[in-house]
Structure formats: C-alpha cells, structure tokens
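The opening residue of the sequence shown carries number 1 in my numbering; numbering runs sequentially from there. Below is one structure; the comments refer to it alone.
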Amino acid sequence: MKCALVIPSWIPEDLFPTKTAGSQINYWQPLGTLYVASSLIEQGHEVRFYNGAFMSHQEIMQQLQEFAPRFVGLYSTTFGWPRAVTTAKAIKALHDEAFICIGGPYPTAVAEQCLTNSDNSIDAVIFGEAEITAPELVAALENHQTLHNIDGIVFRHGDQVVKNPPRELIEDLDSLPFPARHLLGEAEEHYLPPPATYKRTPVAVVITSRGCNRRCIYCSQFDQKRKSGVRGIRYRSIENVLDEIEYCLKRGYKEIKFIDDTLASDYDRAMQLCQGIKERGLDFTWFASACANQVDKPLLQAMKDAGCWAILFGAESGVQKNLNTLRKGIKLEHVRAAVKAAKEVGLKVSTPFIIGIPGETYEEALKTIEFAIELNPDIANFHALTPFPGTHLHNNIEKYGSIAHNLEEYTYQGAAFVPFTMSRRQIQELRQMAFKRFYGRPSFLFKKVLQLRTMSDCKAAYNGVRSLIWLYLKKGIFNKKDNKKDNKKGSDKVLNVG
1 MKCALVIPSW IPEDLFPTKT AGSQINYWQP LGTLYVASSL IEQGHEVRFY NGAFMSHQEI
61 MQQLQEFAPR FVGLYSTTFG WPRAVTTAKA IKALHDEAFI CIGGPYPTAV AEQCLTNSDN
121 SIDAVIFGEA EITAPELVAA LENHQTLHNI DGIVFRHGDQ VVKNPPRELI EDLDSLPFPA
181 RHLLGEAEEH YLPPPATYKR TPVAVVITSR GCNRRCIYCS QFDQKRKSGV RGIRYRSIEN
241 VLDEIEYCLK RGYKEIKFID DTLASDYDRA MQLCQGIKER GLDFTWFASA CANQVDKPLL
301 QAMKDAGCWA ILFGAESGVQ KNLNTLRKGI KLEHVRAAVK AAKEVGLKVS TPFIIGIPGE
361 TYEEALKTIE FAIELNPDIA NFHALTPFPG THLHNNIEKY GSIAHNLEEY TYQGAAFVPF
421 TMSRRQIQEL RQMAFKRFYG RPSFLFKKVL QLRTMSDCKA AYNGVRSLIW LYLKKGIFNK
481 KDNKKDNKKG SDKVLNVG
C-alpha cells in the first residue's frame with residue numbers, strides 16, 4: 001500500500017524568538033517517524049516521507065497529490081496540533097479516500113480529544129509506540145478488516161469514537177529495524193541540532209534505550225506505572241547499538257547525537273558502550289545527556305576516550321527546594337560534582353535551567369541565574385516550564401498555578417505555565433536577564449574566542465553574538481506577540497488544554 005508519513009510544515013521561528021540562536025536550527029532527525037517508516041517498509045509497503053521542516057505546506061500538498069497515498073500518518077506535538085489539523089483537512093480535500101492517522105506526544109496524551117476535535121479530517125489516532133501498531137493498521141485497511149482488534153488506536157466507527165486497549169510497550173527493541181534514514185533524501189546532511197551542540201557534520205540521531213526511571217513533573221511518560229523494562233527503562237543490546245552506529249558511519253555520518261533521556265541510567269552498560277566503540281575502532285564524535293548523580297569521573301573519562309566531546313546535565317534550578325518540587329531526584333552537590341568532573345576530563349558541558357517552577361519566587365530565580373554563572377558551563381539554556389498534556393504538572397495544574405489555553409503558546413517563546421508565586425511577565429523578564437547575564441560576561445566571551453578552531457565553531461560564535469546583541473537591543477523578546485497583557489500572579493484562568 002502507498003503510505004505517506006508527514007510532519008506538517010513549520011519554521012524554527014515558530015518555536016524560538018526571531019534572531020536568537022535557537023531560531024537558526026534546522027531540525028534533528030525525526031527518529032520516531034523514521035522508525036515507523038522502516039517498520040512499514042519491512043512489511044512491503046511503499047513509503048514516502050515529507051518533512052515540513054524543509055518543505056512548505058504547498059510543496060507537501062503538491063507531492064502528496066502526485067503520490068496519491070492510501071494511508072497518511074501525521075506527526076503532531078502540542079504546539080503543532082493546529083497545523084496538523086490544517087494539514088489533515090488539506091489532504092482530505094486532495095484525496096478524500098485517504099485514511100489519515102495521527103500520532104506523536106500530543107495525540108498520545110489526548111487521543112480521543114484529537115479525534116473529536118479534528119472536524120472529521122482524522123480517521124484514527126495511534127497512542128503510544130507505533131512501530132507495531134501502524135503496520136497492523138495498514139494491513140487491516142489493505143485487507144478490509146475491522147479495526148476493533150488493533151491495540152493502541154482510537155478510531156471512528158460510524159458516529160462513534162472507539163478507543164481500543166493500549167498496546168504493550170515493545171520490550172525487544174533489538175527486533176526493530178533501524179530507522180529509514182534513506183527517506184530523508186537530499187536533505188539528510190542538513191539535519192542539524194542547535195548551534196554549538198555539534199562538532200562535525202553530518203549528524204545522526206540514535207537512541208539506545210526508551211523510558212526513564214525518573215518522575216519529573218514536566219515530563220510525559222507513557223509507562224507511568226513502570227510496567228515495562230527495568231524500573232521503566234528498556235534497553236537495546238550494546239551489539240545492536242554498535243551495529244547501528246556502524247551503519248550510520250557507512251552512510252557518511254561523522255557525529256551522533258544520543259537522545260536517551262540519560263545514557264548513564266545503567267552505569268555498567270554505559271561503560272560497555274564506550275568499550276565497544278573503542279574495540280570496533282569506530283571513528284565519530286558524539287554528544288549525550290546524563291543525570292548528574294549517575295556519572296563519575298571514570299565514566300566521563302571513558303566517554304571522552306570513546307569520542308564523546310560534550311555532555312548535557314539537567315541542572316534545572318539553583319535552589320534545592322525547587323529541584324525537589326520538580327522531583328528531579330538530585331542535589332545541587334551532584335550537579336556541581338558532575339560539571340566539575342566533566343570539565344576535568346575535557347568534555348564540553350551543557351546545562352539547561354527552568355524558570356517558573358511551582359512555588360518559585362523571583363528571588364529564587366535570580367539564585368538559579370547565579371548558580372548557572374557559578375557552574376560556568378559551555379552552554380546554558382533558560383527555559384520556561386511548560387505543562388505539556390500527559391505530564392504530572394498538567395494533570396494537577398490546580399495545585400501549581402495556571403496555564404495558557406492557546407496550544408501555540410507551548411513553545412520556547414513564551415510562558416505557557418505561570419506559578420502562583422510569579423507573573424508571566426516576570427518569567428519572560430527573568431529568562432531574558434538570564435541569557436544576557438550568562439552570555440554577556442567578558443570572561444565567557446574571551447574564553448569562547450580562544451576556543452575557536454573550526455568553521456563550525458565560528459558559525460556557532462557568530463549566531464551566539466548576533467543573539468546576544470538582539471537580547472540587549474530588544475525588550476520583551478520572549479513575549480508572544482498575541483500576549484499583550486501582563487498577567488498578574490495567579491490571575492490566568494485555569495484551562496485544560498488536554
């Protein structure tokens with residue numbers, strides 16, 4: 001069957017303020033969609049992929065009209081839901097007989113609502129992992145079979161909305177074919193992470209595990225009851241991961257971004273991965289994330305020796321009370337020790353922080369900025385806490401503050417969540433202040449100039465300087481254009497976007 005997988009058209013400025021470094025990104029490889037594609041291809045279907053990060057809406061529609069797929073799988077985040085519906089309607093107008101299905105983090109969290117709020121443009125929703133569900137759904141359509149026996153979908157049956165039981169998570173991740181990167185076409189080498197987070201190009205994205213053993217209130221986990229894997233984490237075998245790395249290197253990739261929630265969740269396994277990379281003589285650079293209390297100097301040294309050049313630690317806050325509220329499971333001392341050890345072995349360090357934590361005061365946010373300056377990582381980001389549907393924060397919003405009702409607010413531009421202890425304008429001001437104070441330090445700028453070695457370094461530095469100038473010249477850079485009023489503390493109406 002002809003199958004089209006579509007990410008609706010978008011541009012970085014939809015997510016990030018214009019002229020900031022974030023708005024210069026292209027896109028990470030859409031690993032989830034590529035996994036679904038490879039599963040469909042394995043079953044003999046003809047699959048094409050259309051990525052709105054590189055194509056306009058009109059270009060996607062033109063190519064879909066020529067391809068005339070019988071099955072269309074759309075991907076949607078929370079902020080991208082309105083665009084997904086618009087895209088679905090346009091596809092239906094082109095091919096009324098096409099069966100349109102949607103998946104992704106937002107449809108997984110609110111599957112039934114997505115179906116009922118799509119103006120009949122969407123025929124089914126896949127919630128959870130789709131590598132088994134999508135091929136079963138396509139096979140049922142091809143053979144004119146009932147959809148009632150397919151776990152993990154919500155679909156229309158006449159005037160009714162039917163939700164089938166959830167599908168069990170995939171335990172044997174090694175059984176999945178590698179992502180269908182060949183579908184990326186000529187754009188394959190242009191998929192780049194944010195500036196300063198890669199060293200060599202092209203960059204491949206690889207995930208070695210699924211799930212997380214943490215319970216952060218802002219993170220959505222489908223396996224909330226930890227029924228799968230070891231404490232909620234399912235691992236691929238080291239051999240399977242190394243085989244995919246070799247496959248990527250043969251395709252010409254020079255760097256890999258590991259997108260596991262934490263690559264060090266199993267200390268011994270992380271060591272084995274590093275050893276395996278060295279034993280196979282794999283020549284590539286890589287970037288990974290890890291929890292600060294899961295690493296030590298020997299592991300970080302092993303990562304460095306295996307080609308790792310940078311690591312991300314989720315620092316989040318400089319106030320222990322607020323880390324506890326987030327349920328991070330770490331202490332400030334863990335962050336200090338991890339950053340120090342990483343620097344000592346020669347790794348670049350990235351530390352994201354969060355502004356607008358439940359119960360956080362303006363003064364405490366200032367302490368977080370000071371903590372970032374104390375740590376002095378190579379990259380620091382200051383995000384607004386976002387209550388995505390499916391998270392503990394969203395599901396218990398009445399305890400913590402208020403949320404925006406406009407899904408397009410759920411980006412890095414504004415502040416979709418406002419705690420009772422702060423106003424939206426304060427969050428926006430604090431974020432701009434944080435970037436200016438951290439990146440505007442003469443000592444930091446001087447160090448960065450001395451570290452310039454490659455064209456990639458120079459490009460990242462140029463984007464960074466341009467962003468810094470913009471931060472100083474323009475006030476309210478993180479204010480959404482349509483958010484013209486200053487919401488007072490706790491004054492936002494609590495609305496359920498899920």
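No residue lacks a Cβ here, since even glycine has one placed at the ideal position from N, Cα and C.
Non-local beta-carbon contacts of glutamate 131 in its own chain, meaning distances under 7 Å to residues more than five positions away in sequence, involve Tyr35, Val36, Ser39, Ile170, Leu176 in chain order.
When the beta-carbon positions are compared, isoleucine 277 and glycine 307 come within less than 8 Å of each other. In terms of Cβ geometry, isoleucine 126 and alanine 140 do not form a close pair [threshold 8 Å]. Counting of Cβ neighbours within 10 angstroms places proline 298 among the exposed residues, the total staying below 16.
Note: glycine 73 is bridge-paired with Leu5, Cys101 in the DSSP secondary-structure output. The beta carbons of isoleucine 100 and leucine 74 sit closer together than 8 Å. DSSP, read as helix, strand or coil, puts alanine 187 in helix.
Going by DSSP, arginine 181 is part of no alpha helix (DSSP H) at all; its letter is neither H nor E. Taking the CA atoms as reference points, alanine 372 sits about 34 Å from isoleucine 245.
In the three-state reduction of the DSSP assignment, histidine 394 falls in the helix class, which pools H, G and I.
Per DSSP, reduced to three states, the secondary structure at tyrosine 218 is coil, with no helix or strand assignment.
Under the criterion of beta carbons closer than 8 Å, threonine 262 and arginine 236 do not qualify as touching, at roughly 15 Å. Glycine 401 has Pro419 as its beta-bridge partners, per DSSP. Closest option to isoleucine 354, judged by alpha-carbon separation, among Glu333, Leu326, Val345: Leu326. Secondary structure at phenylalanine 446: helix, using DSSP grouped into helix, strand and coil.
Within the region 317–377, the complete beta strand (DSSP E) segments of 3 residues or longer fall at 348–355, listed in chain order. Leaving aside the five residues that flank glutamate 112 on each side, the residues in its chain whose CB is nearer than 7 Å to its CB run, in chain order, Val154, Val161, Lys163. Here DSSP, grouped into helix, strand and coil, assigns threonine 285 to strand.
The straight-line gap separating the alpha-carbon atoms of proline 179 and proline 193 is approximately 18 Å. Sequence-distant Cβ neighbours of threonine 361 in its own chain, meaning closer than 8 Å and more than five residues away, are Thr421, Met422. Counting the other Cβ atoms within 10 Å of the Cβ of histidine 394 gives 16 or more, which makes it buried. Each of Phe382, Thr386, Gly390, Phe54 was checked against the Cα of glutamate 429, and the nearest Cα belongs to Phe382. Arginine 200 and glutamate 239 have their C-alpha atoms spaced approximately 24 Å apart. Glutamine 426 is classed as buried because its beta carbon has at least 16 other beta carbons within 10 Å across all chains shown. By the Cβ rule, the region 114–124 counts as touching the region 88–102, because three or more pairs are nearer than 8 Å. Shown here for proline 165: same chain residues with a beta carbon closer than 7 Å to its own, the five before and five after excluded, namely Asp151 in chain order. Straight-line spacing of the CA atoms in aspartate 268 and glutamate 136 works out to 37 Å. Within the same chain, Cβ atoms closer than 7 Å to the Cβ of alanine 415 are found at Gly356, Ala384, Arg424, Ile427, Gln428, the five residues on either side in sequence being excluded.
Here cysteine 458 is exposed. Its C-beta has fewer than 16 other C-beta atoms within 10 Å. When beta bridges are read from the DSSP output, asparagine 51 appears opposite Ile7.
In this model, tyrosine 253 and tyrosine 50 are separated by some 21 Å (Cα to Cα).
By the Cβ-count criterion, asparagine 322 is buried, with 16 or more other Cβ atoms from all chains shown falling within 10 Å of its own Cβ. In terms of Cβ geometry, tryptophan 309 and leucine 347 form a close pair [threshold 8 Å].
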